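So the protein lines, in turn, are chains A and B. Per the working numbering, the first sequence starts with residue 1, numbered consecutively. Per the working numbering, the second sequence starts with residue 1001, numbered consecutively. Report on the structure given below.
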Amino acid sequence: MAEIHLKQLAHSYHPHPSGVQDYALKEIDHVWEDGKAYALLGASGCGKSTLLNVISGLLHPSQGQVLFNGEDVTNLPTEKRHIAQVFQFPVVYDTMSVYDNLAFPLRNRGRDEATIRQRVGDIAEMLELTGELKKKARGLAADAKQKISLGRGLVRQNVAAILFDEPLTVIDPHLKWLLRMQLKSLHQRISNTMIYVTHDQTEALTFADQVVVMHDGYVVQIGTPQALFERPSHTFVGYFIGSPGMNLLPVQIEGTQARLGELKIELPGRYTIPAGRKTELGIRPEFVSLSRENRGHSLPVSIQHIEDIGRHRIVRAELAGHALNVIVPGDVAVSDDCRYLDFDRSRINIYADDWLQEART
Amino acid sequence: MSLVLEQVSKIVDRKVHIHPVDLTLETGTLNVLLGPTQAGKTSLMRLMAGLDRPDSGRIWWNGQDVTGKPVQQRNIAMVYQQFINYPSLSVYDNIASPLRLRGIPRNEISKQVHKAAELLKLTPLLKRKPLELSGGQQQRCALARALVKEADLVLLDEPLANLDYKLREELREELPRIFTESGAIFVYATTEPTEALLLGGHTAALWEGRITQFGPTLAVYRHPRDMTTARVFSDPPMNFLSFTKSGHQLQLDNAQQLAASGPLADLANRSFHAGFRPDRLTLQPLSEHDLCFQVQVTVVEITGSESFVHLRYGEERWVALAAGIHELRPGSTIPVYLNPEQVYVFDTEQQLVIAPALAA
């Protein structure tokens, strides 16, 4: 198990990068704590796989170092880094039994059979594969195979870290629930350092202690799921986390008020934004409420469309010419004739040139 | 106009892929085929398209028997999970290709290509080749080509499965609008209940080669005819519990007895299965009639605004979806509550007996 220090790390696929735009991974300097679960979250091409490959040793970074427990492993090949990896598609030996598949990484390292039996038994128990151990991997369904893949990643003790690259992408929704839950349970029991790459916010948020959000080669925020939801430090995080994401409205700030066209919105504090910077008000759809009557400082809104998606409704509305999403819980009434809305003031965030601003109180 | 499947079945290597199915799809509708991998979604689509010939039954298109009529002789567009484009053609030419085949005038082609490109946010990419695009862009190119074709029947087989989560979310919002503007019959296969709900329209729940229910999407979600449909159409999974009604009591398998209140009081004295969605299993009682269960916490997943609390109740695995952040220790025992008004009840044949009344 290891603490991972990514020291002044950056990577470009160009042999002679001429500027920051040529870097798939912009310079970062982070220490990831031993035993914690991290998720790398972002869209395709954001640099998350580049970062994972640098950590695993598949890629040699253009600059900087990777330290495991203070030891520089930058020049070590993958197999010397003592890491376990789980990939998007199951890696199993079809002709071997489930037991032999799980035992493989241990046999490869010359562990004795008694240790192997113990360890494989434990892992099979945790992943609920005990009944399948004697079966050949061949006839198993995709999810069972991916379970074996997970098991092979988890079976070795004393690995520096376990890396997961989109491990649940090919799994059906129902089984995803089960596997995700088992993986989380496992992490709580074995507390290995885990790094999990995904584009799926639910997977990232539910799995990780800390979510590393990447965008365009930059790490834009590292935070707990709660922090990413409540205080996104960049507009991209606001957009990317949440379904739908955070509403962003172009505003001008005047002390404790924001002006949106003709409308005035009360803010949770006083902001000072230098002139010439793009200023936006961010409010999540969960923190907007609709009403038929003006509740005092309500803003006039027109409802375009109400989508009932079972548990709640997503209302597509227009506020001062801007599209705005509202989430209405299942037990709250909503109809086309709701002409007013209110923001939960304490939940408003203000952004200047896409970065979160602090209020002065 | 309509597409009618009448007792259509398909057998491959002596295994039944599709049991005899009856299904009527009306023109201008979006129809979701919802079910897990290998439930028969793709098989059914191939039969609809005429790519495969059914082993029994007939397929009618506007009252005409088209059983066995090959796909080339019918006006059908298909989009698959894997992106399929002509690699040597630009995005523009890819989208234009079905129109050129039909001999449409050049300026009309340009108009339609640009409209579809605008809809699918491809306008800046029209000159690129597919391989210079991201996966999401390639799939949007394939979608645009299917749309301009103005096919009578558009079959979309998990078209968003290989795309990024956020892009999927945006396309899901766009697609129903695109669909309603076109007059075609759309059939859309997915494994994800949430996707079916976002798309709306009608949903056919599929399980092991059978359509267990077909109807307006929300109606199927709210009134699943049987436990299989309820299972197929729930994400997170629906929670279940068996009980026997006896007088004013609900007798559970673990010998616990609960007072039968609300709609449960009217049940006959026999055995049933209760089903309840995770957001209905609460950490606080909502009414004095709530049923209370002592459950064991397995693990808690926190999404930032909500907590998925995974639980064990005897042999049953349950999930409670609670608003807010709840840090509960794995292994600890806690009470959870269930409002009897929010319970689905199925009989021992797994058929629906009671569905919760609709929320306001």
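Beta carbons: idealized from backbone N, C-alpha and C, even for Gly. Computed from a predicted model, the values in this text were never measured in an experiment.
Report all residues from its chain with a CB closer than 7 Å to the CB of A1116(B); omit the five preceding and five following residues, and keep chain order. I1095, A1144, L1147, V1148
Pick from A43(A), R152(A), P173(A) that is closest to V91(A), judged by C-alpha positions: Closest by alpha carbon: R152(A).
Which residues, in chain order, does the region 181-212 of chain A contribute to contact with chain B at a C-beta distance below 7 Å? M181, K184, S185, Q188, H199, D200, Q201, T202, L205, T206
Residues bridged to S1305(B) [DSSP beta-bridge criterion]: DSSP output for S1305(B) lists no bridge partner at all.
Would a C-beta distance cut-off of 9 Å place K1041(B) and L1206(B) closer than the cut-off? yes
So that I know if they touch, is there some Cβ in chain A lying closer than 9 Å to that of Y1344(B)? no
Going along chain B in order, which residues have a C-beta closer than 8 Å to the C-beta of L228(A)? By Cβ distance, chain B contributes G1304.
Spatial neighbours of K36(A) within its chain, please: CB distance less than 7 Å, with the 5 preceding and 5 following residues excluded, ordered by chain position. T193, D209, Q210
Partner residues on chain B for P225(A), Cβ-Cβ distance less than 7 Å: I1302, T1303, G1304
Assuming contact is defined by CB atoms lying nearer than 9 Å, are T1282(B) and V1336(B) in contact in what I supplied? yes
For F240(A), would you say it is in contact with chain B, using Cβ-to-Cβ distances shorter than 9 Å as the test? yes
Going along chain A in order, which residues have a C-beta closer than 7 Å to the C-beta of I1178(B)? Under the 7 Å cutoff, chain A gives no residues; its nearest Cβ is about 14 Å from I1178(B).
Got a sec: which bits of the region 1115-1129 of chain B sit with their beta carbon under 9 Å from any beta carbon on chain A, in order along the chain? none
Checking 9 Å against the spacing of the C-beta atoms, do S185(A) and K134(A) come in under that value? No, they are not a contact pair.
Kindly indicate which three-state DSSP category K1127(B) falls into: helix, strand or coil? coil
Does E113(A) come out as helix, strand or coil in the three-state DSSP assignment? Three-state result, E113(A): helix.
Measuring alpha carbon to alpha carbon, tell me which of T1333(B), A1274(B), K1111(B) ends up nearest V1295(B). T1333(B)
Given M1227(B), which residues of its chain have a CB within under 6 Å of its CB, disregarding the five upstream and five downstream residues? Cβ-Cβ distances below 6 Å link M1227(B) to F1346, Q1350 in the same chain, with the five nearest sequence neighbours on each side left out; the list follows chain order.
Starting from S1134(B), find everything on chain A with Cβ-Cβ shorter than 7 Å and list it in chain order. When 7 Å is used as the limit between beta carbons, S1134(B) is near these residues of chain A: S44, G45, in chain order.
Along the alpha helix (DSSP H) that carries Y239(A), what are the first and last residues, could you check? 235-240
Could you tell me the distance, in whole angstroms, from the CA atom of L25(A) to the CA atom of H16(A)? So the alpha carbons of these two residues sit roughly 15 Å apart.
Measuring only between beta-carbons, confirm whether G1215(B) sits less than 9 Å from chain A. no
Which residue from I1211(B), S1088(B), R1074(B) puts its Cα closest to that of V1021(B)? Here the closest residue by C-alpha is I1211(B).
For E1026(B) and K1129(B), the rounded distance between their alpha carbons: Computed Cα separation, rounded: 36 Å.
Whole-angstrom C-beta distance between I314(A) and I327(A), which should lie under 8 Å: 6 Å
I need the boundaries of the alpha helix (DSSP H) containing S1110(B), first residue and last residue. Annotation for S1110(B): the continuous alpha helix (DSSP H) segment containing it runs 1106-1119.
Assess contact between the region 61-78 of chain A and the region 2-10 of chain A, defined as three or more Cβ pairs (one per stretch) separated by less than 8 Å. Is contact present? yes
Just the chain A side, please: which residues come within less than 7 Å of Y1221(B) by C-beta, in chain order? G310
Short CB-CB distance (under 9 Å) between I1334(B) and chain E: Here chain E cannot be found, since the structure's protein chains are A and B.
Where do the ends of the alpha helix (DSSP H) carrying L1001(B) lie? The sequence given here places Met at residue 1001(B); Leu does not occur at that position. Element bounds for M1001(B): n/a, residue is neither H nor E.
Going residue by residue through the region 10-80 of chain A, where are the continuous alpha helix (DSSP H) segments of at least 4 residues, counting only ones entirely within it? Listed in chain order, the complete alpha helix (DSSP H) runs (minimum 4 residues) inside the region 10-80 of chain A are 48-56.
Which residues in chain A have a C-beta closer than 7 Å to the C-beta of K1166(B)? List them in chain order. A43, F240
Let me confirm a value: S18(A) is counted as buried when at least 16 other C-beta atoms fall within 10 Å, else exposed. Which label applies? exposed
Beta-carbon proximity list for L1156(B), same chain, < 6 Å, skipping 5 on both sides: V1079, Y1188
For the beta strand (DSSP E) holding A160(A), just list the boundary residues, first then last. No beta strand (DSSP E) holds A160(A); DSSP gives it neither H nor E.
Run through the DSSP bridge pairs and tell me what Q210(A) is partnered with. Y38(A)
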